[in-house]
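>
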Amino acid sequence: GQYKESKDQLFMACQENDKMAFLLYGLALKLGTGIMPNPAESLRYIKRACGINNKEDEQTIIFEKSDKLDPYELSLNHAIAVPDVPPEPLAPALYETGLFYLKGPSGHSNNCSSPVMSNVSAITPSSNSAHLSGKSPAFSASTGSLSASSTRSNNSMTESFDDFEVDELRALRYLELSASLGNTDSILLCGSIWCKEKPTVRPKDLVRAAAWFRIAESKGCRLTGSDWIYREKYMDKEKSTSIMKKRLSIT
31 GQYKESKDQL FMACQENDKM AFLLYGLALK LGTGIMPNPA ESLRYIKRAC GINNKEDEQT
91 IIFEKSDKLD PYELSLNHAI AVPDVPPEPL APALYETGLF YLKGPSGHSN NCSSPVMSNV
151 SAITPSSNSA HLSGKSPAFS ASTGSLSASS TRSNNSMTES FDDFEVDELR ALRYLELSAS
211 LGNTDSILLC GSIWCKEKPT VRPKDLVRAA AWFRIAESKG CRLTGSDWIY REKYMDKEKS
271 TSIMKKRLSI T
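Converting from the sequence shown to my numbering requires adding 30 to each position, the first position being numbered 1.
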């Protein structure tokens with residue numbers, strides 16, 4: 031009863047274009063709190079919390095901004111460039127959208143969100159990926175298509191959920207923008223993703239990963255086995271193997 035009443039109040043606030051309501055209602059749809067779970071509508075509402083109502087908005091708000099994002103430069107000026115208090119609802123909405131494109135609806139129905147992670151263990155450049163603590167958001171990218179049927183509401187975006195595919199590079203756009211706004215979960219997840227090689231998508235980029243992990247430490251995260259992120263070769267921007275901007279420019 032209480033959940034349903036809260037859901038109804040959030041839905042009414044959504045009609046007034048309240049971005050925080052968009053995020054909270056989207057999360058209710060994600061988790062099935064007071065309402066039947068609906069990953070398709072969840073994504074649409076959470077994207078509206080990011081200010082995205084159509085593909086043109088995504089191009090302007092996400093693609094163009096992410097093309098200019100450089101974590102190496104942010105790591106040099108983190109005190110000024112990366113907020114200590116992530117702006118709400120934008121930073122968590124970007125994070126949640128990134129998780130959706132990273133994991134797809136099968137992972138989206140799980141409770142992927144986590145509190146700020148203060149303790150991360152065993153990050154090594156030689157491993158396939160950074161090993162995060164049990165509290166960190168799990169992730170697994172797939173190149174396969176995932177689809178689900180959905181009932182479109184009056185607030186649905188023009189994007190058809192049936193055409194949705196897991197897309198790690200698209201996910202990284204959202205996650206890195208969220209990370210640049212100080213969302214600690216996003217910062218750590220971006221560092222972990224770039225530690226892992228995806229031959230058909232992108233190479234691993236330990237310079238980019240190290241930059242995100244240095245930012246994480248500057249925000250109070252305790253990283254175990256992270257001495258490597260301060261080694262000279264991982265602080266040399268010219269040695270970065272990142273081709274993210276090139277690959278994303280054609281997606």
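Note that CB positions come from ideal geometry on N, CA and C, so glycine has one too.
As the structure is a computational prediction, the values presented were derived from the model and not from experiment.
#1: Closer than 7 Å: is that where the CB of K249 sits relative to any heavy atom of the ligand NAD?
#2: For R238 and L211, I'd like the C-alpha separation in whole angstroms.
#3: For a quick check, are the C-beta atoms of L40 and L54 less than 8 Å apart?
#4: With H, G and I counted as helix, E and B as strand and the rest as coil, what does DSSP make of K228?
#5: Where does E46 fall in DSSP's three states?
#6: Taking the Cβ atom as the reference point for each residue, do L205 and L218 lie within a distance shorter than 8 Å?
#7: Hey, how far is the Cα of R261 from the Cα of I65?
#8: Run through DSSP, which three-state label would I82 get?
#9: I need the straight-line Cα distance from Y75 to H108, nearest angstrom please.
#10: To the nearest whole angstrom, what separates the beta carbons of P119 and M50, a pair I think is in contact under 8 Å?
#11: Between which residues of its own chain and E198 is the CB-CB distance below 7 Å, once the five residues before and five after are set aside?
#12: Measuring CA to CA, which of A58, M265, A201, G250 is closest to D235?
#13: Please state the DSSP three-state secondary structure of T63.
#14: By DSSP, does L99 sit in helix, in strand, or in coil?
#15: Quick check on this structure: which residue in Y102, V196, I82, S36 has the alpha carbon closest to the alpha carbon of I259?
#16: Could you tell me the distance, in whole angstroms, from the CA atom of P233 to the CA atom of K249?
#17: Which residue wins for smallest C-alpha separation from K263, given the options A241, E247, C251, K85?
#18: Rounded to the nearest angstrom, what separates L59 and C225 at their Cα positions?
#19: By Cβ distance below 7 Å, which residues in the same chain neighbour C80 in space, the five residues on each side in sequence not counted?
#20: For P113, name the three-state secondary structure that DSSP assigns.
#21: What is the rounded straight-line gap between the Cα of P116 and the Cα of I245?
#22: Suppose contacts are defined by Cβ-Cβ distances below 8 Å. Is L207 in contact with K95 by that definition?
From the atom records:
#1: Because no ligand of any kind appears in the structure shown, any question about the ligand NAD cannot be addressed here.
#2: R238 and L211: Cα-Cα distance of roughly 17 Å.
#3: yes
#4: strand
#5: coil
#6: Contact: no.
#7: So the alpha carbons of these two residues sit roughly 50 Å apart.
#8: coil
#9: 31 Å
#10: That pair is a contact at about 5 Å.
#11: L132, A171, K228, V231
#12: M265
#13: coil
#14: coil
#15: Y102
#16: Whole-angstrom Cα-Cα distance: 27 Å.
#17: Of the candidates A241, E247, C251, K85, the one whose C-alpha sits nearest the C-alpha of K263 is A241.
#18: 32 Å
#19: I91, L120, A123, L124, T127
#20: In the structure shown, P113 sits in coil (DSSP, three-state: anything other than H, G, I, E or B).
#21: Going from the Cα of P116 to the Cα of I245 covers about 14 Å.
#22: yes
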